[in-house]
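Encoded as C-alpha cells, the structure appears first; notes follow it.
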Amino acid sequence: MTFAQSHLLGIEPLSPPEITTILDLADQYVDLNRRDVKHSDALAGLTQINMFFENSTRTQASFEIAGKRLGADVMNMAMQASSIKKGETLIDTAMTLNAMHPDLLVVRHPHSGAVDLLSQKVNCAVLNAGDGRHEHPTQALLDALTIRRAKGRLHRLNIAICGDIAHSRVARSNILLLGKMENRIRLIGPPTLMPSGIADFGVEVYDDMEEGLRDVDVVMMLRLQRERMDGGFIPSEREYYFRYGLDAEKLAFAKEDAIVMHPGPMNRGVEIDGEIADDINRSVIQEQVEMGVAVRMAAMDLLARNLRAKPREVLA
Ligand code: NCD
Numbered sequence: 001m002t003f004a005q006s007h008l009l010g011i012e013p014l015s016p017p018e019i020t021t022i023l024d025l026a027d028q029y030v031d032l033n034r035r036d037v038k039h040s041d042a043l044a045g046l047t048q049i050n051m052f053f054e055n056s057t058r059t060q061a062s063f064e065i066a067g068k069r070l071g072a073d074v075m076n077m078a079m080q081a082s083s084i085k086k087g088e089t090l091i092d093t094a095m096t097l098n099a100m101h102p103d104l105l106v107v108r109h110p111h112s113g114a115v116d117l118l119s120q121k122v123n124c125a126v127l128n129a130g131d132g133r134h135e136h137p138t139q140a141l142l143d144a145l146t147i148r149r150a151k152g153r154l155h156r157l158n159i160a161i162c163g164d165i166a167h168s169r170v171a172r173s174n175i176l177l178l179g180k181m182e183n184r185i186r187l188i189g190p191p192t193l194m195p196s197g198i199a200d201f202g203v204e205v206y207d208d209m210e211e212g213l214r215d216v217d218v219v220m221m222l223r224l225q226r227e228r229m230d231g232g233f234i235p236s237e238r239e240y241y242f243r244y245g246l247d248a249e250k251l252a253f254a255k256e257d258a259i260v261m262h263p264g265p266m267n268r269g270v271e272i273d274g275e276i277a278d279d280i281n282r283s284v285i286q287e288q289v290e291m292g293v294a295v296r297m298a299a300m301d302l303l304a305r306n307l308r309a310k311p312r313e314v315l316a
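Sequence positions in the sequence shown follow my numbering and run 1 to 316.
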C-alpha cells in the first residue's frame with residue numbers, strides 16, 4: 001500500500017499509486033457499508049472534528065457517517081454560529097481546537113488556501129472538504145471510484161465536465177485526478193464560465209454540447225455556482241438550459257453507454273433535465289453519494305495509520 005500523506009489537502013500532491021490505494025480501500029468499505037452491521041474500529045479512540053465554514057448537507061453528513069462507522073468520536077462544529085462571528089481568526093479557532101487534541105480535522109472554507117494554512121498550524125491530520133474554488137479532493141476521489149466501478153477502469157476514458165468550470169473546485173480536483181490517471185478530458189461550457197489559461201492543463205475546451213459530448217464515456221454536470229459569481233455570467237437560466245442543460249437530445253451525442261454524473265446539489269431544469277438525473281440506466285448520481293462515504297472512510301483510515309506511525313510533533 002502506498003500512501004505517504006499526513007493530510008488530504010488536494011489531489012495535486014497525490015501520486016497515481018496513492019490515488020489507487022485510496023480507491024482500493026474504499027472498495028472494501030463499500031462492502032462493509034452494504035452489510036447490516038456497518039462497523040469497524042479503524043478510528044477507535046480517535047477524535048474527528050468537522051468544521052464547516054460554508055453550508056453543506058451531503059459532504060458534512062458523509063464525513064460524519066464515515067467517522068462514526070469507523071468508530072471515531074465525531075463532533076460537528078456549527079461554524080456559522082461560532083466565535084468567528086465574534087471576530088476570532090481562523091487560526092485562533094484552529095489553535096483552540098488543536099488544544100483539545102483532535103486527531104482528524106475536516107474543514108470546508110469559502111477561501112481558497114484556507115485549509116492548507118490551517119493544516120500548518122495544527123498537529124493532527126487535516127482533510128479538505130472544499131476550499132473556495134481551489135480543491136475538493138474527496139469529491140474527485142468519489143467520482144473516480146464511481147467511474148472505475150461503472151466502467152471497469154479509470155484510464156483512457158473520454159470524460160466531459162460541463163457547465164460552470166470557472167467557479168468549481170469539483171472541476172479543478174477532477175481535472176487533476178482524471179489527468180493523472182491518463183484520461184482525455186473535455187471541458188464544455190460558455191466561454192464566460194471557463195477559467196482563463198485552462199487549455200494549459202492538457203484539456204480540450206468546447207462551447208458547444210453537441211461537439212463536446214461526441215463519443216464521451218462519462219458526462220459530468222456542474223451546478224452554476226451563483227454564490228461565487230459577481231455579475232452576469234449567463235444571459236438567463238432558460239437560455240443556459242437550452243444551450244448547456246443536459247437532456248436526452250444532447251446525451252444522445254455521447255456513447256450509448258455513457259454515464260451521467262453530478263456532485264449535487266442539482267438544479268433540475270437549469271443544468272440537467274430531471275428525467276435524465278433519475279434515469280437509473282444512465283445516471284450514477286446516487287452511486288456517487290454512496291461512494292462518498294466509502295472514500296471518506298478510506299481516506300481517514302489511511303491518514304490515521306500515518307498519524308499513529310509518526311510522532312505528532314513532526315506533523316505540523
Ligand atoms: C459541491 C461543492 O460544494 O463544491 N458540492 C458537493 O460537495 N457535493 C458542488 C456544488 O456546490 O455545486
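Cβ coordinates follow ideal geometry from the N, Cα and C atoms, glycine included. No experiment lies behind these values; they were computed from the predicted model shown.
Applying the criterion that 16 or more other CB atoms from any shown protein chain within 10 Å of the CB defines a buried residue, is residue i buried or exposed?
| i | result |
| --- | --- |
| E256 | exposed |
| G130 | buried |
| A316 | Per-residue confidence for A316 stands at a pLDDT of 45, beneath the threshold of 50, marking its modelled position as unreliable; the derived number appears in the next sentence. Classification for A316: exposed. |
| R35 | exposed |
| T59 | buried |
| Q139 | buried |
| R186 | buried |
| L307 | buried |
| H155 | exposed |
| H39 | exposed |
| S168 | buried |
| G232 | exposed |
| T146 | buried |
| S283 | buried |
| I11 | buried |
Per DSSP, what are the beta-bridge partners of residue i in this structure?
| i | result |
| --- | --- |
| M221 | C162 |
| R319 | This structure does not reach residue 319, given that the chain is present from 1 up to 316, and the question cannot be answered. |
| I259 | V218 |
| L8 | L127 |
Need the endpoints of the alpha helix (DSSP H) that residue i sits in, please.
| i | result |
| --- | --- |
| F242 | E237 to Y244 |
| G179 | R169 to K180 |
| V295 | I285 to A309 |
| L342 | Because residue 342 is not part of the residues shown, which for the chain are 1 to 316, the question remains open. |
| L143 | Correcting the residue type first, residue 143 is Asp in the shown sequence and not Leu. Its alpha helix (DSSP H) spans residues P137 to K151. |
What is the residue span of the beta strand (DSSP E) that residue i lies within?
| i | result |
| --- | --- |
| V107 | L104 to H109 |
| D131 | A125 to D131 |
| E204 | E204 to Y206 |
| V74 | D73 to M77 |
Keeping to the same chain, check which residues put their C-beta closer than 6 Å to that of residue i; ignore five residues upstream and five downstream.
| i | result |
| --- | --- |
| M100 | none |
| V106 | N50, F63, L127 and A129 |
| I234 | Y240 |
Return the chain-ordered list of same chain residues with a C-beta closer than 7 Å to the C-beta of residue i, the five sequence neighbours on each side being excluded.
| i | result |
| --- | --- |
| P311 | none |
| V270 | L224, E237, Y240, Y241 and G245 |
| V205 | L187, M194, I198 and A199 |
Excluding the 5 residues flanking residue i on each side, which residues of the same chain have their C-beta closer than 8 Å to its C-beta?
| i | result |
| --- | --- |
| I161 | A171, N174, I175, I185, R186, L187, I188, M220 and L222 |
| Q5 | P13, L14, E18, L302, L303 and N306 |
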